[in-house]
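Undergrad: This is the structure I want to talk about, given as structure tokens.
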Amino acid sequence: MKNKTLLLLFLTISLNAFAQKFDGLAETPPMGWNSWNTFATDINEQLVKDIADKFVELGLRDAGYEYIVLDDGWMAMERDENGNLVPHPEKFPNGMKAVADYVHSKGLKFGLYGDAGTKTCAGYPGNRGYEFQDARKYAEWGIDFLKYDWCSTGKQNAEASYTTMRDALYKAGRPVVLSICEWGDNQPWTWAQDIGHLWRVTGDIINCWDCEVGHGTWSSWGIWPIINMRGNIRKAAGPGQWNDYDMMEVGNDFTDAENRSHFAMWSMLTSPLIMGNDLRTASKETLKTLTNKEVIAVNQDKLGIPALRFSNAGDFEIWVKPLADGEWAMTFVNMADAPRNLDFDWQKHEIGDDLNNRRLDLKNGKFNIRDLYNHKDLGDTSKNLKATIGSHDVLMVRLRK
Ligand code: GLA
């Protein structure tokens, strides 16, 4: 009897130990591409292959982009007679494994979209009630990333629903990054660290600088509303767990200056860098921004500390981000419609991050200033930093000892 009780206890403990998210998959913010912002449900096998080819050809893979993720619309409208999810037969005539194999053959990783409710946001089958079966299918196909949405969830509990999918993925045995997408409705930054690797913090992004576009019961948001919507979520992010400010709109009808600002801010905030533009037609300037290794290095800094706003006055924002080895990134954003002259006196400002107990220590020596978009050195902190910043553009610098 005693032995039986001990055995039961052991089994319960080991089963609990079994239920966890895959560790070590997102020590820095995930980087990749997602189909939704440009293609919505108009996706197919050839598109994925083209994007994978472009990752290699355009130097995106070398810059660190890794995941190619198909969003909503990859499925057939119905499950098969055994309850399995089925890839849309016309869009993916060779099935999903063939697509995943192609992506893997380029040294990249492949992701799909699912939904915690009964239907996806575009009306395809949801995962509710089929989580373990679907996770096995994903593993069979070779899926490395799952974006998991929140439509048609009725009264479901978010934490419990995402935990079920986490456990299902873990049980299926293939390491998968779990990307939680419940739009910040249930404050995932307070509970999702042990469940997913990233979580959306707002409703859907749209390609405007500062707007809200209403769709009846919900809204899409421009870049700045998204940046400003959540207070005090910095402490939730760090290696393995990221606040997700949504797939980027870089290259989607923004000016080059706005593309630079958008990319700089996603990098500063340690948001995942998931591109959302058509890489087959992207302009040279857009690609230059997306592959800027000095900016990406700020996003991928191993401390994983999100930036904080240092000041915000007169249409001018200054953001600061502590980096490893006592270095800092700073981004000066000109929100105005006209260019602006910057004259920043280092002696007059005390820059620090109380949450992480870090100070920019100018008393014990100066820092060299590196301009990350123009790839040049701008002197050091013993003199004022002077620059002209165009409308909606940024000066992004790295301060080095
Ligand atoms: C939701 C998500 C989007 C996208 C669509 C797909 O709106 O927030 O990112 O995945 O669903 O239908």
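Numbering (my numbering), first residue to last: 318 to 718. In this text, a Cβ means the ideal position worked out from N, Cα and C, and glycines have one as well.
(1) Within 7 Å: the Cβ of Thr437 and any heavy atom of the ligand GLA?
(2) Distance, Cα to Cα, Gln510 vs Lys700?
(3) Curious, which full-length beta strand (DSSP E) runs of at least 3 residues does the stretch 580–613 contain?
(4) Just to confirm my understanding: we take Ser578, look at its own chain, exclude 5 residues before and 5 after, and list those with CB closer than 7 Å. What are they?
(5) Which stretch, first to last residue, makes up the alpha helix (DSSP H) that contains Ser478?
(6) Can Thr606 and Asn576 be called in contact, C-beta distance under 8 Å?
(7) Is there contact between the stretch 477–497 and the stretch 526–545, where contact requires at least three CB pairs shorter than 8 Å?
(8) Tell me, which residues are paired with Val650 by DSSP?
(9) Under DSSP, the alpha helix (DSSP H) around Arg453 begins and ends at which residues?
(10) Please indicate yes or no: does the CB of Tyr430 lie closer than 7 Å to some heavy atom of the ligand GLA?
(11) In whole angstroms, what separates the C-alpha of Asp451 from that of Val493?
(12) Residue range of the alpha helix (DSSP H) that Glu667 falls in?
(13) Does the beta carbon of Trp506 fall short of 7 Å from some heavy atom of the ligand GLA?
(14) DSSP three-state label for Leu677, please.
(15) Nearest by alpha-carbon distance to Leu552: which of Lys683, Ala599, Val615 and Leu620 is it?
(16) Pull up the CB-CB distance for Met585 and Val615, whole angstroms please, since I reckon it's below 8 Å.
(17) If you run the structure through DSSP and keep just helix, strand and coil, what is Phe339?
(18) Assign Asn354 to one of three DSSP states: helix, strand, or coil.
(19) Whole angstroms is fine: what's the gap from Asn411's alpha carbon to Asp632's?
(20) Cutting at 7 Å between CB atoms, please list the residues of its own chain near Ala369, excluding the five before and the five after it.
(21) Would you mind working out which of Gly390, Trp516 and Trp538 sits nearest Asp561, comparing C-alpha positions?
(22) Within the present structure, is the beta-carbon of Asp359 separated from the nearest heavy atom of the ligand GLA by less than 7 Å?
(23) Can you determine whether any heavy atom of the ligand GLA sits closer than 7 Å to the C-beta of Cys528, and answer yes or no?
(24) Report the rounded CA-to-CA distance for Glu395 versus Gly669, giving the unit in angstroms.
TA: In terms of the structure at hand:
(1) yes
(2) 42 Å
(3) 590–592
(4) Val650, His709, Asp710 and Val711
(5) Ala475 to Ala489
(6) yes
(7) no
(8) Glu634 and Val711
(9) Glu448 to Trp458
(10) yes
(11) 13 Å
(12) Counting along the chain, Glu667 falls outside any alpha helix (DSSP H), and DSSP gives it neither H nor E.
(13) no
(14) coil
(15) As written in the sequence, residue 552 is Lys, which differs from the Leu given in the question. The residue with the shortest Cα to Cα distance from Lys552 is Leu620.
(16) 7 Å
(17) coil
(18) helix
(19) 52 Å
(20) Ile385, Tyr419, Val420, Lys423 and Leu425
(21) Trp516
(22) no
(23) no
(24) 54 Å
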